[in-house]
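Below is one structure, written out as structure tokens; comments come after it.
Number of protein chains: 2
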Amino acid sequence: MARVIVDVMPKPEILDPQGKAVTGALGRLGFPGLSVRQGKRFEIEVDGDVTEERLAEVREAAERLLANTVIENFDVRVEE
Amino acid sequence: MARVIVDVMPKPEILDPQGKAVTGALGRLGFPGLSVRQGKRFEIEVDGDVTEERLAEVREAAERLLANTVIENFDVRVEE
Chain H
819 MARVIVDVMP
829 KPEILDPQGK
839 AVTGALGRLG
849 FPGLSVRQGK
859 RFEIEVDGDV
869 TEERLAEVRE
879 AAERLLANTV
889 IENFDVRVEE
Chain P
819 MARVIVDVMP
829 KPEILDPQGK
839 AVTGALGRLG
849 FPGLSVRQGK
859 RFEIEVDGDV
869 TEERLAEVRE
879 AAERLLANTV
889 IENFDVRVEE
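Which chain is which? The protein sequence lines are H and P, in order.
According to this note's numbering, the residues represented by the first sequence are 819 to 898, in order.
According to this note's numbering, the residues represented by the second sequence are 819 to 898, in order.
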């Protein structure tokens, strides 16, 4: 059973209110000088081997379901 | 400006309803054989160098604010 990681982050030019809220909360809790952007991480267990075709399938799934590509970028990689 | 990544995932023994929903949706959309767990990814820009002390600070922030350590594990690493 192999594992593929999909990271989904708001595009740099898109406002990230969650990240802004976390950044503000960290400052108030005594952790200044940290600027946070918040996204999603998906750990996907793939049945069988991760072939190029399987990986292409995961990439298509990420594009269609996991990320909103209007406002988010995503990155797909096989976990070492 | 250095970047630290904090990944927050539901603990293995904890039910993950978001992941279950995504797994089901992928199956219905024609992507069977994928089992998903969903967590959060934080990209943190740290002012100045990432020293051991700064990294310890980020780790404390992750534990106190970014993760709910009752139900979630987190991992802190400096981005290469």
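Idealized CB from N, CA, C, for every residue including glycine.
Residue span of the beta strand (DSSP E) that contains residue i, given as start and end
i, result
"R855(P)", "L852 to V864"
"R895(P)", "E890 to V896"
Integer-rounded CB distance, given that residue j should sit under 8 Å from residue i
i, j, result
"T841(H)", "L833(H)", "Going by Cβ atoms, the distance from T841(H) to L833(H) rounds to 12 Å, so no, they are not a contact pair."
"G857(P)", "V826(P)", "5 Å"
"L884(H)", "R882(P)", "That belief does not hold up - the Cβ atoms of L884(H) and R882(P) are roughly 28 Å apart, past 8 Å."
"V888(P)", "V868(P)", "Incorrect: roughly 28 Å between the Cβ atoms, too far for contact."
Beta-carbon proximity list for residue i, same chain, < 7 Å, skipping 5 on both sides
i, result
"E861(H)", "R821 and I823"
"A879(P)", "none"
"E863(H)", "M819 and R821"
"R872(P)", "V864"
Within chain B, the residues that residue i reaches when beta carbons sit closer than 9 Å
i, result
"A843(H)", "In summary, chain B is missing from the structure at hand, where the protein chains are H and P."
Residue i burial status per 10 Å Cβ neighbour count (16 or more: buried)
i, result
"A839(H)", "exposed"
"A874(H)", "exposed"
"R859(P)", "buried"
"P828(P)", "buried"
"V855(P)", "A small correction: the amino acid at residue 855(P) is Arg; Val does not occupy that position in the sequence shown. Buried, by the Cβ-count rule."
"G866(H)", "exposed"
Where the alpha helix (DSSP H) containing residue i begins and where it ends
i, result
"R821(H)", "Run containing R821(H): none in the alpha helix (DSSP H); it sits in the beta strand (DSSP E), A820 to P828."
"A879(H)", "E870 to A879"
"T841(P)", "P835 to R846"
Same chain only: Cβ atoms within 6 Å of residue i, ignoring 5 sequence neighbours per side
i, result
"G837(H)", "V854, R855 and Q856"
Neighbourhood of residue i by C-beta, 8 Å cutoff - its chain only, sequence neighbours within 5 removed
i, result
"L844(H)", "P850, L852 and V854"
"F892(H)", "V824, D825, V826, M827, A880, E881, L884 and A885"
Chain H contacts made by the segment 856 to 878 of chain P, where a contact means CB separation under 8 Å: Q856, G857, K858, R859, F860, E861, I862, E863, V864, D865, G866, E875, V876 and E878
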